[in-house]
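One line per chain: the protein sequences are A, B and C, in this order.
Quick note: the first sequence uses the UniProt record's numbering, first residue 1, plus one each step.
Quick note: the second sequence uses the UniProt record's numbering, first residue 1, plus one each step.
Quick note: the third sequence uses the UniProt record's numbering, first residue 1, plus one each step.
We treat Cβ as the ideally placed atom computed from N, Cα and C, and that holds for glycine.
Note that the structure is a prediction, hence the values are computed from the model and not measured.
Worksheet for the structure shown next.
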Amino acid sequence: MSKTNAGRFFEDYSVGEVIEHAVPRTLSGGERAMYHALYPARHAFYSSDEFARDCGLHEAPLDDLIAFHTVFGKTVPDISLNAVANLGYAEGRFLKPVHMGDTISSRSEVIGVKQNSNGKTGVVWVRTTGSNHLGEDVLSYVRWVMVRKGNVDAPAPETVVPDLAGSVAASDLVVPEGLSFEGYNFAQAGEPHRLSDYNVGEKIDHVDGVTIEEAEHMLATRMWQNTAKVHFDATARDGGRLIYGGHVISLARALSFNGLANAQIIVGLNSGAHANPCGAGDTIKAWSEVLDVAETDAPGIGAIRLRLVAQKAEAEPFSLKGDDGKYLPGVLLDLDYWALMPV
Amino acid sequence: MSKTNAGRFFEDYSVGEVIEHAVPRTLSGGERAMYHALYPARHAFYSSDEFARDCGLHEAPLDDLIAFHTVFGKTVPDISLNAVANLGYAEGRFLKPVHMGDTISSRSEVIGVKQNSNGKTGVVWVRTTGSNHLGEDVLSYVRWVMVRKGNVDAPAPETVVPDLAGSVAASDLVVPEGLSFEGYNFAQAGEPHRLSDYNVGEKIDHVDGVTIEEAEHMLATRMWQNTAKVHFDATARDGGRLIYGGHVISLARALSFNGLANAQIIVGLNSGAHANPCGAGDTIKAWSEVLDVAETDAPGIGAIRLRLVAQKAEAEPFSLKGDDGKYLPGVLLDLDYWALMPV
Amino acid sequence: MSKTNAGRFFEDYSVGEVIEHAVPRTLSGGERAMYHALYPARHAFYSSDEFARDCGLHEAPLDDLIAFHTVFGKTVPDISLNAVANLGYAEGRFLKPVHMGDTISSRSEVIGVKQNSNGKTGVVWVRTTGSNHLGEDVLSYVRWVMVRKGNVDAPAPETVVPDLAGSVAASDLVVPEGLSFEGYNFAQAGEPHRLSDYNVGEKIDHVDGVTIEEAEHMLATRMWQNTAKVHFDATARDGGRLIYGGHVISLARALSFNGLANAQIIVGLNSGAHANPCGAGDTIKAWSEVLDVAETDAPGIGAIRLRLVAQKAEAEPFSLKGDDGKYLPGVLLDLDYWALMPV
């Protein structure tokens with residue numbers, strides 16, 4: 001029996017199976033410092049214990065996307081080590097803030113499989129849930145990936161395609177317990193714009209650009225214990241190392257501070273596409289479009305639904321898709337998410 | 001109304017205005033670890049809780065320059081986003097050590113404005129103060145920058161040039177409460193030299209050199225939430241990314257350990273010039289000159305005033321200015337500061 | 001008297017001398033986060049407080065090699081600043097886990113000197129011991145280095161070559177107090193293989209590769225306060241910066257998770273050779289060979305003795321030595337160590 005993990009192939013997944021992912025992880029202020037060194041992250045709720053206290057929490061949690069990457073990273077050895085492509089996300093909900101000292105684990109339930117007509121690959125859908133050491137769920141999302149078959153002669157499984165929501169309903173968003181934006185300090189947060197200042201359809205160019213270095217995306221990806229070799233081994237792939245798509249998500253989200261400083265807390269992940277590969281040397285810019293706004297029952301707190309697009313600096317501002325409906329070559333990320341914002 | 005911050009222009013500043021800078025920041029052991037990974041920082045007071053306890057504190061504070069960069073970084077979106085040049089520092093005093101768990105905020109008072117004769121730019125002086133979550137001031141310094149006018153037709157303001165001290169008087173330096181060097185452990189600190197071993201006029205070549213990488217200066221600059229795009233976007237400026245001047249300050253200060261290991265604690269910032277731009281690939285060396293020595297009222301504690309110069313490795317040792325009084329091209333930093341040292 | 005440290009030369013060491021190394025260091029969660037960002041470290045005992053609790057400890061300690069690098073780094077200014085080569089390690093024993101908040105100091109006793117026949121260099125053997133702020137020893141190992149003479153006319157000292165064990169006897173390994181693997185969670189640890197699944201002579205190719213960047217090895221080496229200039233100054237050496245051998249050790253150990261996830265805790269360091277220099281741009285792979293297995297008195301805990309080899313990606317798998325008994329050019333590290341593993 002080989003001692004090393006070759007990863008799973010398409011025929012190794014069956015609908016209903018629950019995979020407990022390995023290596024739980026305790027997070028500290030170290031991960032926060034690294035995150036804020038890797039990305040220009042400035043949302044005040046995650047930067048200042050005092051700001052978080054003014055919002056009703058006992059301290060600043062770790063950034064929402066630290067939770068996402070930590071949960072996601074654990075799934076890689078079981079879900080995407082042999083993935084050809086990361087196809088999409090859906091039904092993502094942030095269920096509880098993650099704090100320093102929390103130990104995070106991940107598990108995934110296989111909720112769909114569909115062999116491709118070429119007989120060599122298939123699509124696997126999993127619902128991944130992250131939980132803390134108290135057994136409380138902190139995050140849940142669906143992801144689907146295209147995976148190679150290990151044995152092309154393995155029989156095709158019965159096709160099961162899950163019925164996924166196009167977006168998370170505003171009424172299903174979970175506001176962190178005790179959160180209130182009634183005493184929200186706009187000066188400390190960095191911008192005066194509240195939910196009522198944003199209009200559906202409004203687009204915001206976040207102005208700033210960041211050129212990515214190899215060392216940075218590898219530091220980030222390793223911190224989440226994501227082991228996919230294409231991110232680390234320059235000899236593994238023509239064109240060199242492929243940057244972890246989550247690195248681009250975090251970079252774009254951080255850049256979006258400039259114009260969306262008050263979209264404080266990500267609570268929903270509706271969909272996401274890594275439109276084109278990203279490599280070191282690329283300079284990344286970001287823009288957002290307001291897709292929807294909603295109320296919540298929590299004091300002073302509304303929700304804003306945003307499209308967040310990361311693109312290369314040399315692409316036209318507000319690049320997205322061509323006339324053929326395909327993403328333009330300069331577009332890297334098209335993410336659809338919900339964030340909490342003062343009303 | 002645009003949602004993004006275009007930064008302030010010269011005509012947007014008026015003497016007497018106080019700007020509360022956004023995004024307070026809670027610091028942890030993570031920032032200390034990052035700082036010690038980014039710079040060869042070894043001053044024992046900031047490296048060891050036990051050493052700091054032997055000096056009368058309850059634990060090691062965060063490095064003095066972590067406080068400086070954190071306070072400085074917050075000012076960038078309001079003060080220097082449209083700055084043409086960072087012209088100088090004066091009257092800097094470190095008022096209280098910053099500890100893990102402290103939340104740091106910054107505010108700046110405009111204390112001077114002077115339009116340049118070209119009518120297109122002007123100089124703005126601000127006194128910036130950093131404070132912790134208890135409302136205690138931790139650092140105060142004056143900085144002046146040259147800023148573009150947004151509207152060249154805006155009327156020139158009444159010129160106000162603040163009267164700034166050439167250096168902080170030794171009697172105005174603040175020794176951290178409870179600090180004593182009477183039980184100072186020279187072996188642990190790394191060098192045997194005490195204040196009486198240094199002579200005014202003495203120059204020290206700190207020997208070691210460090211070649212800077214893009215990833216490093218960006219990690220550092222982002223950690224301080226400094227958003228000036230020239231540091232991050234390789235497409236923003238001919239010649240590529242410009243390294244944050246504070247990165248050179250920290251690098252040179254850390255290199256100065258070799259010869260000044262007992263200049264433990266920076267307490268005053270008299271003046272500073274970023275003499276030439278610095279970019280990735282440059283190899284930095286440092287030298288110091290003893291400018292003054294002074295007593296303090298605290299047990300066993302003296303103060304040493306130092307010129308700290310960072311230069312490129314290929315420049316002549318002890319490079320500074322040419323016969324024309326201008327900085328030589330290989331000189332990057334000329335900093336004048338006070339540090340506490342055992343007598 | 002020069003203020004800077006020129007380092008010691010061969011004639012400056014005498015057998016029996018004990019050198020207390022400078023700058024003790026307090027470690028926090030920041031160092032752990034950085035370590036896990038710099039290396040693909042995933043051993044569960046060091047990743048999860050909960051996993052460590054299930055093994056009988058009150059929390060996850062810092063990674064074993066964080067202890068090693070911290071202790072080692074302090075010795076550099078006194079032992080290897082003028083070293084021509086790092087020749088070997090022996091009799092390394094990890095004596096006590098290092099936890100967040102511990103302050104680590106190092107001291108070295110000179111246990112051997114031997115001038116080389118060329119009269120210009122000599123070999124110095126030291127036994128280095130790291131201890132925490134409670135005065136408890138956490139690590140002890142022997143290292144020998146070749147050091148230049150400062151004065152070639154200095155008389156040769158009496159040759160003393162210490163009698164060193166070829167490997168640490170299994171009975172001398174120290175199991176952390178309270179450790180038990182009786183409730184060991186293999187699913188969380190990431191692999192099902194227990195000690196009885198490994199056979200002496202078995203070789204494991206750890207599959208994954210990592211391409212090293214300059215910024216990464218410098219961040220790592222600085223974090224341990226290792227000041228040897230060849231690691232930082234691109235102008236100091238033909239061929240550019242030489243990567244700290246310990247960086248390769250940590251990288252290879254982390255890569256060995258894939259196949260040795262349950263070799264949880266390094267407890268012994270039998271020998272080690274940095275076979276060839278390593279530089280940025282090299283892609284590193286690793287393989288292991290099982291050298292021995294042993295029992296311990298602790299519940300459910302065995303010991304596995306492993307050869308860990310780091311090699312360049314382009315070298316043949318399982319590269320080691322040529323017919324001439326010399327390391328092949330693609331081999332970087334040959335390390336012999338003991339780790340604890342569930343029986």
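Check, Outcome
"DSSP state of residue 243 of chain B, grouped into three classes?", "coil"
"Looking at residue 155 of chain A: is its Cβ nearer than 9 Å to the Cβ of residue 113 of chain A?", "no"
"Do residue 253 of chain A and residue 37 of chain C have their C-beta atoms within less than 9 Å of each other?", "no"
"Thinking C-beta only, is residue 298 of chain A closer than 9 Å to residue 179 of chain A?", "yes"
"Counting only the same chain and skipping the five closest in sequence on each side, list residues whose C-beta sits under 7 Å from that of residue 195 of chain C.", "293, 302, 304, 341, 342 and 343"
"Nearest by alpha-carbon distance to residue 103 of chain C: which of C/211, C/137 and C/324 is it?", "C/137"
"Give the secondary structure of residue 34 of chain B by DSSP, where H, G and I count as helix, E and B as strand, and everything else as coil.", "helix"
"In whole angstroms, give me the CA-to-CA distance for residue 98 of chain B and residue 61 of chain B.", "6 Å"
"So, helix, strand or coil for residue 220 of chain B, using DSSP?", "helix"
"If the criterion is Cβ atoms closer than 9 Å, does the pair residue 44 of chain A and residue 35 of chain A meet it?", "no"
"If I follow the unbroken beta strand (DSSP E) through residue 311 of chain C, where does it start and stop?", "301 to 312"
"For residue 344 of chain A, would you say it is in contact with chain B, using Cβ-to-Cβ distances shorter than 9 Å as the test?", "Here chain A covers residues 1 to 343 and nothing more, so residue 344 of chain A does not appear."
"Does the beta-carbon of residue 258 of chain B have 16 or more other beta-carbons within 10 angstroms, so that it is buried, or is it exposed?", "buried"
"Measuring straight from C-alpha to C-alpha, what distance separates residue 328 of chain C and residue 235 of chain C?", "28 Å"
"If you follow the beta strand (DSSP E) that residue 47 of chain A is part of, which residue opens it and which one closes it?", "Unbroken run through residue 47 of chain A is the alpha helix (DSSP H), 44 to 47; no beta strand (DSSP E)."
"Please confirm whether residue 97 of chain A has its beta-carbon closer than 9 Å to some beta-carbon of chain B.", "no"
"If you reduce the DSSP assignment to three classes, tell me which class residue 74 of chain A lands in.", "helix"
"Give the interface partners of residue 232 of chain C over in chain B, defined as CB-CB distance under 8 Å, in chain order.", "40, 208, 209, 210 and 211"
"If I measure Cβ to Cβ from residue 133 of chain A and keep anything under 6 Å in the same chain, skipping five residues before and after, which residues do I get?", "103"
"With which residues is residue 146 of chain B paired in a DSSP beta bridge?", "B/85 and B/123"
"Measuring CB to CB, does residue 48 of chain A end up less than 9 Å from residue 24 of chain B?", "yes"
"Return the chain-ordered list of same chain residues with a C-beta closer than 8 Å to the C-beta of residue 237 of chain C, the five sequence neighbours on each side being excluded.", "230"
"Mark residue 159 of chain A as exposed unless 16 or more other C-beta atoms lie within 10 angstroms of its C-beta, in which case mark it buried.", "exposed"
"Near residue 283 of chain B, which residues of its chain fall below 8 Å by C-beta distance, leaving aside the five closest residues on each side in sequence?", "209, 210, 211, 212, 312, 313 and 314"
"Please report the straight-line C-alpha distance between residue 89 of chain B and residue 337 of chain B, rounded to a whole angstrom.", "11 Å"
"Please determine, among B/123, B/87, B/130 and B/289, the residue with the shortest C-alpha to C-alpha distance to residue 22 of chain B.", "B/130"
"Check whether the Cβ atoms of residue 109 of chain A and residue 165 of chain A lie closer than 9 Å to each other.", "no"
"Between residue 126 of chain A and residue 267 of chain A, how many whole angstroms is the CB-CB distance? I'm expecting something under 8 Å.", "The pair is not a contact, with the Cβ atoms about 21 Å apart (cut-off 8 Å)."
"State the DSSP-derived secondary structure class of residue 266 of chain C, mapped to helix, strand or coil.", "strand"
"Taking residue 260 of chain B as part of the alpha helix (DSSP H), name the residues at either end of that continuous run.", "257 to 260"
"Using the rule of at least 16 other Cβ atoms within 10 Å of the residue's Cβ for burial, across every protein chain shown, is residue 58 of chain C buried or exposed?", "exposed"
"Apart from the five residues on each side of it in sequence, which residues of its chain come closer than 8 Å, Cβ to Cβ, to residue 226 of chain B?", "69, 72, 73, 76, 244 and 246"
"With H, G and I counted as helix, E and B as strand and the rest as coil, what does DSSP make of residue 29 of chain B?", "helix"
"With 16 as the cutoff for other CB atoms within 10 Å, does residue 199 of chain B come out buried or exposed?", "exposed"
"For residue 51 of chain C, decide whether its Cβ has a neighbour in chain A, counting only Cβ atoms nearer than 9 Å.", "yes"
"For the candidate residues C/256, C/81, C/326 and C/269, whose alpha-carbon lies nearest to that of residue 146 of chain C?", "C/81"
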